[in-house]
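Below is one structure, written out as structure tokens, with a few remarks after it.
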Amino acid sequence: MGKSGRLLRYLWAGPYTVLGLLLGGCAVLFGARMQRHDGVVEVSGGLIGRTLAKLPPTLGFAAMTLGHVILAIDRSALAQLRLHEHVHVRQYERWGPFFLPAYLLSSLLQLLRGRHPYRENHFERQAYAVVAEHRRLVRDSIRG
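If you're matching positions, the sequence shown starts at 8 in this note's numbering and goes up one per residue.
Below is the structure:
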């Protein structure tokens with residue numbers, strides 16, 4: 008895709024990217040590290056990351072994506088979850104401002120069906136499937 012297509016994807020996901028940059032900027036003020044990787048701003052660590060890491064598993068998270076910004080509790084979590092989170096970046100590019108409402112609706116539907124709202128969320132299942140396929144391809148290439 009050319010520059011105009013790339014620009015449209017950034018603009019379409021832009022409202023969430025701005026929110027991610029604001030949150031990431033606050034995290035940097037408290038010691039987080041910010042870097043760019045594959046067209047995505049990544050923010051990790053710092054006081055906020057350490058605080059989030061101490062939350063109970065039901066309330067916490069290791070990483071989350073807002074548009075073209077990935078926020079992670081630390082560099083290790085970022086490295087482990089980068090591929091998964093980049094799937095979410097692509098989802099933001101597809102869904103734009105409708106991504107977060109669609110994500111929340113998917114979680115709500117799973118909850119109403121008696122299923123786990125995170126693990127059974129359509130968008131999470133898609134991200135986990137991409138990671139599983141990537142791992143399968145790596146494993147097969149190592150085996151020869």
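Idealized CB from N, CA, C, for every residue including glycine.
This structure is a prediction, so every number in the text was calculated from the model and none was measured.
- Element boundaries [beta strand (DSSP E), containing Ile80]: Where Ile80 is concerned, there is no enclosing beta strand (DSSP E), given that its DSSP letter is neither H nor E.
- If Val76 and Val48 are in contact, beta carbons under 8 Å, what's the gap, nearest whole angstrom? 5 Å
- Chain-order list of residues whose beta-carbon lies under 6 Å from that of Val50 (same chain, five-residue window excluded): Gly31, Ala34, Ala39, Met41 and Leu78
- Item | Assigned secondary structure, Arg1 (DSSP; H/G/I helix, E/B strand, else coil) | With the chain covering 8 to 151 only, the question about residue 1 has no answer from this structure.
- Which whole-angstrom value describes the C-beta separation of Ala74 and Gly27, a residue pair presumed to lie in contact below a C-beta threshold of 8 Å? Note on residue identity: the sequence assigns Gly, not Ala, to residue 74. That belief holds up - the Cβ atoms of Gly74 and Gly27 are roughly 5 Å apart, short of 8 Å.
- Query: Going by the CB atoms, is the gap between Phe130 and Val99 shorter than 7 Å?
  - Reply: Checking the sequence shown, residue 99 turns out to be Tyr, not Val. In this structure, Phe130 does not lie closer than 7 Å to Tyr99 by Cβ.
- Item | Buried/exposed call for Ala134, threshold 16 Cβ in 10 Å | buried
- Query: CB Ile80 to CB Gly56, shorter than 7 Å?
  - Reply: yes
- Opening and closing residue of the alpha helix (DSSP H) in which Thr24 lies: Gly21 to Leu36
- Starting from Leu73 and walking both ways along the beta strand (DSSP E), at which residues does that stretch end? Ala70 to Leu73
- Message: Could you give the first and the last residue of the continuous alpha helix (DSSP H) run that contains Arg57?
- Response: Gly53 to Ala60
- Message: So the candidates are Lys10, Ser83, Pro22 and Arg89; which of them puts its Cα closest to the Cα of Phe106?
- Response: Pro22
- Item | Short Cβ contact (7 Å threshold) for Leu90 with Val138 | yes
- Where do the ends of the beta strand (DSSP E) carrying Arg40 lie? Arg40 to His44
- Task: Measure the C-alpha to C-alpha separation of Arg132 and Thr65 and round it to an integer number of angstroms.
- Result: 18 Å
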